[in-house]
Structure formats: C-alpha cells, structure tokens
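Taking it in order: structure first as structure tokens, then the write-up.
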Amino acid sequence: MLPGASFISPTLIAFTCPDAAIVRKVHIVSDGPRYAIYYVPAPDTDLYRFGSTVLGYDCYTGAELAHPPDFGLDADEREQLTHQPRRYGFHATLKAPFHLSPSHTEAELASALESFAALGRAIPTIKPAIRVLSGFVAIVPHEPCPEVDVLAADCVTLFEAFRAPTSTQERARRLASGLSQSQIDNLDRWGYPYVFGEFRFHMSLTDGVRPDRRDAILAAIRNAFVRWRGDRPLRINSLTLVRQDHREARFRVVRQAALNTSR
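Note that the sequence shown covers residues 342 to 604 in my numbering.
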C-alpha cells in the first residue's frame with residue numbers, strides 16, 4: 342500500500358503503479374493548465390455562500406461577488422486581503438495544484454476522481470473555527486480530525502501518477518519561501534511541501550493580515566461566520582477537481598463527486 346493511503350481500488354492501481362511513475366518523470370511540464378483536488382462546499386450551502394462572498398469570487402460560475410458591507414473592510418483593504426486567495430476560490434486543498442502528466446488526460450483524471458470518491462469511507466466531520474494560521478485568516482478544525490488527514494493523504498498518493506514532475510523554476514520558488522528538511526523532502530517526492538505530517542486542513546479567507554489589524558479582522562469574520570451559518574458541523578462529503586488555465590487565471594470547478602459512505 343502506498344504511504345498514507347488507507348485503501349486502493351483496482352481502477353486506481355493502474356494509475357499509481359511504479360512503471361507509470363517512472364515513465365512520467367521524463368516529462369516536465371511548466372506551462373499550460375494546472376489541476377488540483379479540493380474540498381469545495383456545494384454551491385447552495387451557507388458555508389460556500391459565506392466563503393465565496395468573503396473572497397469575492399464564485400469558482401463554480403467564475404463570477405465576481407459583492408463583498409458584504411458588515412465585515413468592516415473598505416474596498417482597498419478587502420482587495421489587498423483577498424487578491425491572492427480569490428484566485429484559488431473558496432476551498433480546502435487535498436492535492437495541491439499540479440501540471441497534468443502528458444501520459445494522462447483531463448477526462449482520465451476526472452474519471453479517477455469519481456472512482457476514488459465511490460470507494461466508500463466514513464465522512465470526515467469537523468467543528469469549524471475561524472483562526473489565524475501563519476498570518477492569514479482561515480476556517481480550520483476546532484480540534485484534530487484524523488479522518489480528514491487520511492482523506493488528504495489518500496488524495497496525495499493516489500493521484501500522484503497524474504502529476505507532471507515539478508519544474509526547476511517551481512522548486513526554486515518553493516525553496517525561496519524557507520522550508521524545513523521534511524518539507525523539502527515532500528516537495529521533491531510529492532510536488533508540495535505541506536503533505537502528510539505537514540498537512541493542515543484549512544479554508545483560506547484572507548491573505549496575510551497586518552498584526553495591527555489582525556484582531557479586528559478576525560473578530561469581524563468570526564461574527565459574520567456565526568450570522569451566516571451558526572456553529573453547525575462541517576462534513577467533508579465531496580471531492581472537487583478544479584482547473585487553472587494559466588498562472589494568472591482563477592481556478593474553476595471541472596468535476597465534483599460525492600463521497601460514498603458505504604464500506
């Protein structure tokens with residue numbers, strides 16, 4: 342079994358065999374579309390309406406969204422705080438953005454997503470909290486949730502054969518941010534530093550917040566979150582394939598698959 346994976350279906354074994362991984366590593370892709378596996382709440386949920394409105398972007402439709410006036414942010418501050426996360430849409434990353442290996446197609450990736458979602462597992466459920474994480478405001482689990490960590494680890498490993506190897510430019514960009522040895526090892530093996538033991542489930546609501554504004558912005562977003570959806574649990578009940586057509590483009594939903602709860 343692959344490291345971090347709790348189960349593997351016959352459909353997905355074909356995409357994760359060692360021979361396929363060896364073949365794909367000669368094909369480095371540094372431009373064109375990128376794909377990622379996200380958790381994105383359904384578009385008609387209070388959670389999605391809240392998060393997408395905070396960011397000002399709907400990754401289902403590609404539409405710009407008006408910012409609520411009761412968040413205590415003026416237009417300039419809102420633009421500064423949400424410019425970068427808006428590009429990704431409201432989401433939690435399960436497998437970080439990657440260029441598609443030339444040996445696979447988008448249709449194959451979407452089909453694998455549906456096969457994986459259909460395998461059956463317990464639905465991870467968290468109590469959401471609004472906190473500051475590495476300087477930005479995000480929705481995070483109130484307490485650790487091993488089930489969501491396993492789901493993310495499965496996504497990292499089981500979709501790995503679809504990922505083109507990391508380019509030297511991308512690796513250098515990541516290294517410039519300052520990584521631990523464990524994170525560098527993850528980057529070189531899996532294309533992303535923050536996997537497995539480094540993974541933290543989060544749904545970003547801002548970019549980095551100035552220390553002198555942190556308490557006020559955190560309080561405003563917390564209050565708005567309670568008004569929008571109270572303290573209801575958050576069920577991670579689907580997987581979403583998203584695509585970014587080029588580096589400056591915003592991510593859009595390609596396919597969404599509900600997680601099968603039967604085992």
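The beta carbon of each residue, even a glycine, is placed where N, CA and C say it ideally should be.
Close beta carbons around residue i, own chain, < 8 angstroms, minus the five adjacent residues each side
i: R596; result: A451, L454, E455, T581, L582
i: R599; result: Reading off the sequence, residue 599 comes out as Ala, not Arg. The residues are A458, N578, S579.
i: Q524; result: P534, Y535, E539
Own chain, CB closer than 6 angstroms to residue i, minus 5 neighbours either side, in chain order
i: A459; result: N601
i: A493; result: L435, F540
i: P374; result: R584, D586
The alpha helix (DSSP H) enclosing residue i, as first and last residue numbers
i: P426; result: 416 to 429
i: V497; result: 487 to 499
i: R515; result: 509 to 517
i: P552; result: 552 to 570
i: A448; result: 447 to 458
Residue i burial status per 10 Å Cβ neighbour count (16 or more: buried)
i: R584; result: buried
i: M538; result: Checking the sequence shown, residue 538 turns out to be Gly, not Met. G538 is exposed by the Cβ-count criterion.
i: Q522; result: exposed
i: P382; result: buried
i: T402; result: exposed
i: P410; result: exposed
i: R573; result: exposed
i: D399; result: buried
i: P485; result: exposed
i: A505; result: buried
i: P487; result: exposed
i: A565; result: buried
i: R588; result: exposed
i: R551; result: exposed
Start-to-end residues for the beta strand (DSSP E) that takes in residue i
i: G687; result: No statement about residue 687 is possible, as the shown extent of the chain runs from 342 to 604 and does not include it.
i: L441; result: Unbroken run through L441: none, as it is neither H nor E.
i: V473; result: 469 to 474
i: Y379; result: 375 to 380
i: D385; result: That residue, D385, is in no beta strand (DSSP E); it is neither H nor E in DSSP.
i: A479; result: 477 to 482
i: D548; result: 544 to 549
i: A463; result: Per DSSP, A463 belongs to no beta strand (DSSP E) and is neither H nor E.
i: S579; result: 579 to 585
i: R593; result: 593 to 599
Anticipated Cβ contact below 8 angstroms, residue i with residue j, distance rounded
i: P482; j: F431; result: 17 angstroms between Cβ atoms; not a contact.
i: P465; j: V489; result: 4 angstroms
i: I471; j: R563; result: 5 angstroms
i: T405; j: G397; result: Rather than Thr, the amino acid found at residue 405 in this sequence is Glu. Yes, E405 and G397 are in contact; Cβ-Cβ is about 6 angstroms, under 8 angstroms.
i: L422; j: D529; result: Incorrect: roughly 32 angstroms between the Cβ atoms, too far for contact.
Own chain residues within Cβ distance below 7 angstroms of residue i, not counting five before or after
i: S545; result: P426, F477, A479
i: W531; result: V497, E501
i: Y379; result: H432, A433, T434, L435, T581, V583
Q.
Is it the case that the segment 432 to 441 contacts the segment 498 to 517, given that we only count it when at least three CB pairs across the two stretches are under 8 angstroms?
A. Yes, the segment 498 to 517 is in contact with the segment 432 to 441.
_Does the contact criterion of 3 or more C-beta pairs under 8 angstroms hold for the segment 589 to 599 versus the segment 503 to 517?_
Result no; under three Cβ-Cβ pairs closer than 8 angstroms.
Q. Can we say the segment 554 to 571 touches the segment 386 to 394, given the rule of at least three CB pairs closer than 8 angstroms?
A. Segments in contact, yes.
Within 8 angstroms, do at least three Cβ pairs link the segment 542 to 561 to the segment 474 to 482? yes
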